[in-house]
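Student: Chains as they are written, first to last, in the working numbering: chain G, 1 to 114; chain V, 1001 to 1113.
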């Protein structure tokens, strides 16, 4: 069965620090990969996605993620975080042979200190 | 386009009461989903509907029923609410574009006392 692991449940950074959130999945076939963000009190929204092509994908608000197939990883990065990036971040994976149902990581709560 | 809408936004129930959460999407998507979100557990799929007229159980279906009323609407019913069903419920939909990205509603915060 597919699974998604997010390594850190809580991350606290100061403004202007660099960010990397880890995401690993277990599935040997072709996958689509997503990062969703949930700002306090709001619903989930898509940050970025990978389904083919350049493994370095850029999303909204200066976020990017790199798909490394050999490591089954899709880590999220941002060079300089802002207080407004305080949110919970979820990694998710889907695949054709599981009817494209999303398998979710447990989430990482990111707190940015001003 | 409103995207995915959910009603109500908040609800408090007593144990044993019933209620229906409503979800509608205006993106002409085939697939719709109900999730619950609990702290530290990410999102867990309750039920989904791959197309109008079909529904299937997800990871945590016990205590819930669903109805895919038409292509736009997908409702979630709690027949006899329990405190363990206190959660935030999200509805989502997806189309058939290549990545099958899901779009989410604003959520319903349900408390069962």
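We treat Cβ as the ideally placed atom computed from N, Cα and C, and that holds for glycine. On a predicted model such as this, the values are computed, not experimentally measured, just so you know.
#1: Please list, in chain order, the residues of the region 1040-1068 of chain V that have any C-beta partner in chain G closer than 9 Å.
#2: Quick one: measure Cβ to Cβ for residue 1090 (chain V) and residue 1037 (chain V), integer angstroms, because I've assumed they're closer than 8 Å.
#3: Restricting to Cα atoms, I'd like to know which of V:1045, V:1031, V:1030, V:1005 is closest to residue 1087 (chain V).
#4: Under three-state DSSP, which class holds residue 97 (chain G)?
#5: Taking Cβ to Cβ, would you say residue 35 (chain G) is nearer than 9 Å to residue 74 (chain G)?
#6: How many angstroms separate the CA atom of residue 38 (chain G) from the CA atom of residue 50 (chain G)?
#7: Can you tell me whether residue 1085 (chain V) is helix, strand or coil according to DSSP?
#8: For a quick check, are the C-beta atoms of residue 1063 (chain V) and residue 1078 (chain V) less than 9 Å apart?
#9: Per DSSP, which residues does residue 67 (chain G) bridge with? Please list them.
#10: Counting only Cβ pairs nearer than 7 Å, list the residues of chain V close to residue 107 (chain G).
#11: Relative to the C-alpha of residue 68 (chain G), which candidate in G:15, G:32, G:14 has its C-alpha closest?
#12: In terms of residue numbering, what span does the beta strand (DSSP E) encompassing residue 1111 (chain V) cover?
#13: If you reduce the DSSP assignment to three classes, tell me which class residue 85 (chain G) lands in.
#14: Roughly how many angstroms separate the alpha carbons of residue 9 (chain G) and residue 1110 (chain V), rounded to a whole number?
#15: Taking the runs of the beta strand (DSSP E) that are 3 residues or longer, which of them lie wholly in the region 1020-1078 of chain V?
#16: Is there a Cβ from chain V that is less than 9 Å from the Cβ of residue 63 (chain G)?
#17: Using a Cβ cut-off of 9 Å (strictly closer), state whether residue 43 (chain G) contacts chain V.
#18: If we define contact as Cβ-Cβ less than 9 Å, is residue 72 (chain G) a contact residue for chain V?
#19: Check the Cβ of residue 75 (chain G) against every Cβ in chain V and list those closer than 8 Å, keeping chain order.
Tutor: Put simply:
#1: 1040, 1041, 1042, 1043, 1044, 1045, 1048, 1050, 1056, 1058
#2: On the second chain, position 90 is the one that residue 1090 (chain V) refers to. On the second chain, position 37 is the one that residue 1037 (chain V) refers to. The Cβ separation is near 6 Å, so the contact holds.
#3: In the second chain, the residue the question calls residue 1087 (chain V) occupies position 87. Here the closest residue by C-alpha is V:1045.
#4: The residue you call residue 97 (chain G) lines up with position 97 of the first chain. In the structure shown, residue 97 (chain G) falls within a helical segment according to DSSP collapsed to helix, strand and coil.
#5: The sequence position of residue 35 (chain G) within the first chain is 35, counting from 1. The sequence position of residue 74 (chain G) within the first chain is 74, counting from 1. Yes.
#6: The residue labelled residue 38 (chain G) in the question sits at position 38 within the first chain. The residue labelled residue 50 (chain G) in the question sits at position 50 within the first chain. Their backbone Cα atoms lie some 19 Å apart in a straight line.
#7: Against the second chain, residue 1085 (chain V) aligns to sequence position 85. Helix, per DSSP.
#8: For this step, residue 1063 (chain V) is matched to residue 63 along the second chain. For this step, residue 1078 (chain V) is matched to residue 78 along the second chain. Result yes, Cβ atoms of residue 1063 (chain V) and residue 1078 (chain V) sit closer than 9 Å.
#9: Taking the first chain and counting its residues from 1, one reaches residue 67 (chain G) at position 67. According to DSSP, residue 67 (chain G) bridges with G:74.
#10: Within the first chain, the letter at position 107 stands for residue 107 (chain G). For residue 107 (chain G), the chain V residues whose Cβ falls inside 7 Å of its Cβ are 1042, in order along the chain.
#11: If you number the first chain from 1, residue 68 (chain G) lands on position 68. Cα-wise, what sits closest to residue 68 (chain G) is G:32.
#12: To locate residue 1111 (chain V), count along the second chain from 1; it is residue 111. Taken as a continuous stretch (DSSP letters only), the beta strand (DSSP E) holding residue 1111 (chain V) covers 1108-1112.
#13: Counting from 1 along the first chain, the entry for residue 85 (chain G) is found at position 85. Of the three classes helix, strand and coil, the one that applies to residue 85 (chain G) here is helix, per DSSP.
#14: What you label residue 9 (chain G) is simply residue 9 of the first chain in a count that begins at 1. What you label residue 1110 (chain V) is simply residue 110 of the second chain in a count that begins at 1. One C-alpha to the other measures close to 24 Å.
#15: 1031-1037, 1043-1049, 1064-1068, 1074-1078
#16: Within the first chain, the letter at position 63 stands for residue 63 (chain G). Not closer than 9 Å to any Cβ of chain V, the Cβ of residue 63 (chain G) fails to qualify, so no.
#17: Along the first chain, one-based indexing puts residue 43 (chain G) at 43. Yes - at least one Cβ of chain V is within 9 Å of the one on residue 43 (chain G).
#18: What you label residue 72 (chain G) is simply residue 72 of the first chain in a count that begins at 1. So, not an interface residue.
#19: One-based indexing of the first chain puts residue 75 (chain G) at position 75. None at all; the shortest Cβ gap to chain V is about 17 Å.
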